[in-house]
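Chemist:
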Amino acid sequence: MRKPCCEKKDTNKGAWSKQEDQKLIDYIQKHGEGCWNSLPQAAGLRRCGKSCRQRWINYLRPDLKRGNFGEDEEDLIIKLHALLGNRWSLIAGRLPGRTDNEVKNYWNSHIKKKLILMGLNPNKPHRLGSTTTVNIGATKSSDHESNNQQQEPNVLVSSFQGHKNHNKVMTGTTTTGTNSNTINLPDLNLDLTLCTPTLALA
DNA sequence: AATTTACGCAACCGCGGCTGA
DNA sequence: TTCAGCCGCGGTTGCGTAAAT
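Residue numbers (UniProt numbering): 1 to 202.
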């Protein structure tokens, strides 16, 4: 049995207060991100590290865009989802200022319905018009076996199958050329090298 | 105006990979 | 090589609020 991420009974749960937010912001501005497990104690927060990390990444980070998604963003999400499936973090990585949680929520609450209304199955490949080359780094052979509860990517990519930490894997292989697979996908010219939203803005 | 329903979003939870001892 | 702890990801849940009745 895996032990729960935080067993402490005195940890807060539920919505964050403004004071808690401020403490977290102050601490990270001073010390930077990282060491999430020890952060709550150091910052004087009654939260588990995981919760702090999530709050920071999804809500407090200064480079977050927030607000409605533009049509171009929505379009990009649809195309990336067709390519990557439910790899929200990867998709969010291509959308500066957006988080995986935000993209996931937007997909589930808006885009999914929209596609259904258009007569498209959001879980099936949607055929798109013209084609563009996309290079994707190959993953470890073990990637083939797993998985998975994960949705299949809507576009079949022979050696790119669900892997939880695909982004890490891809980072090292994407641009090498020798390991990359070439697939056809409409309107996209993506070099899927991982870039954090922060870096993307820079 | 009060109640019910639907929706959107923030937060939680569990899984699994990575890393260092 | 093994194991424990940390971290990140994706799925799910629950709450607040707008819309409908």
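Glycine included, C-beta positions come from ideal geometry on N, C-alpha and C.
Mind checking whether Leu95 and Glu74 have CB atoms under 7 Å apart?
Modeler: No, these two residues do not count as a Cβ contact at 7 Å.
Chemist: Please return the same chain residues whose Cβ sits closer than 6 Å to the Cβ of Lys104, not counting the five positions on each side in sequence.
Modeler: For Lys104, where only same-chain residues beyond five positions count, the Cβ hits under 6 Å are Trp88.
Chemist: In the structure shown, what three-state DSSP assignment does Leu117 receive?
Modeler: In this structure, Leu117 counts as helix in the three-state DSSP scheme.
Chemist: Measure the alpha-carbon distance for Ser130 versus Leu120 and round it to whole angstroms.
Modeler: Here the model assigns Ser130 a pLDDT of 39, short of 50, so the residue's position is not dependable and the matter cannot be decided.
Chemist: Measuring alpha carbon to alpha carbon, tell me which residue in Gly93, Gly85, Glu20 and Asn68 is nearest Tyr106.
Modeler: The shortest C-alpha separation from Tyr106 is found at Asn68.
Chemist: Please name the residue in Gly85, Gly93 and Gly97 whose C-alpha comes closest to that of Asn108.
Modeler: Comparing Cα-Cα distances from Asn108 to each of Gly85, Gly93 and Gly97, the minimum goes to Gly85.
Chemist: CA-CA distance, Ile28 and Met118?
Modeler: Using only the alpha carbons, I get a separation of about 44 Å.
Chemist: Output the distance between the C-alpha atoms of Arg127 and Ile91, rounded to the nearest integer angstrom.
Modeler: Low confidence applies here, because Arg127 scores a pLDDT of 46, under 50, leaving its location unreliable; read the following figure in that light. Their backbone Cα atoms lie some 19 Å apart in a straight line.
Chemist: For Lys30 versus Leu45, is the C-beta spacing smaller than 7 Å?
Modeler: Contact: no.
Chemist: What residue from Leu80, His81, Lys79 and Ile25 has the CA that sits closest to Leu60's CA?
Modeler: Of Leu80, His81, Lys79 and Ile25, the residue nearest in Cα terms is Ile25.
Chemist: If you check the beta carbons only, do Asn37 and Gly49 fall under 7 Å apart?
Modeler: It is a contact, given that the beta carbons lie within the stated cut-off.
Chemist: Since Leu64 and Gly32 are thought to touch, with beta carbons under 8 Å apart, how far apart are those beta carbons, to the nearest angstrom?
Modeler: In fact, because the Cβ distance is near 17 Å, the residues do not count as touching under 8 Å.
Chemist: Taking Cβ positions, are Trp16 and Arg66 nearer each other than 7 Å?
Modeler: No, the Cβ-Cβ distance between Trp16 and Arg66 is not below 7 Å.
Chemist: For the alpha helix (DSSP H) containing residue 205, name the first residue and the last one.
Modeler: Because the chain in this structure spans residues 1 to 202, residue 205 falls outside the shown range and cannot be described.
Chemist: Can the beta-carbon of Thr99 be found closer than 7 Å to that of Arg47?
Modeler: Not closer than 7 Å, so no.
Chemist: Between the Cα of Gln19 and those of Ala43, Cys35 and Gly34, spot the shortest distance and give me the residue it belongs to.
Modeler: Nearest C-alpha to Gln19: Ala43.
Chemist: DSSP three-state label for Ser89, please.
Modeler: Reduced to three states, the DSSP call for Ser89 is helix.
Chemist: In the DSSP assignment, find the unbroken alpha helix (DSSP H) run with residue 213 in it and report its ends.
Modeler: In this structure the chain extends from 1 to 202, so residue 213 is not present and cannot be described.
Chemist: Near Cys52, what residues of its chain come up, given a Cβ to Cβ distance below 8 Å and the 5 sequence neighbours on each side ignored?
Modeler: Correct list, in chain order: Leu24, Trp36, Leu39, Pro40, Ala43 and Leu45.
Chemist: Taking C-alpha atoms, which residue in Asn101, Gly93, Ile78 and Leu83 lies nearest to Lys113?
Modeler: Nearest C-alpha to Lys113: Ile78.
Chemist: Buried or exposed: which applies to Glu71, given that a residue is buried once 16 or more other Cβ atoms fall within 10 Å of its Cβ?
Modeler: Classification for Glu71: exposed.
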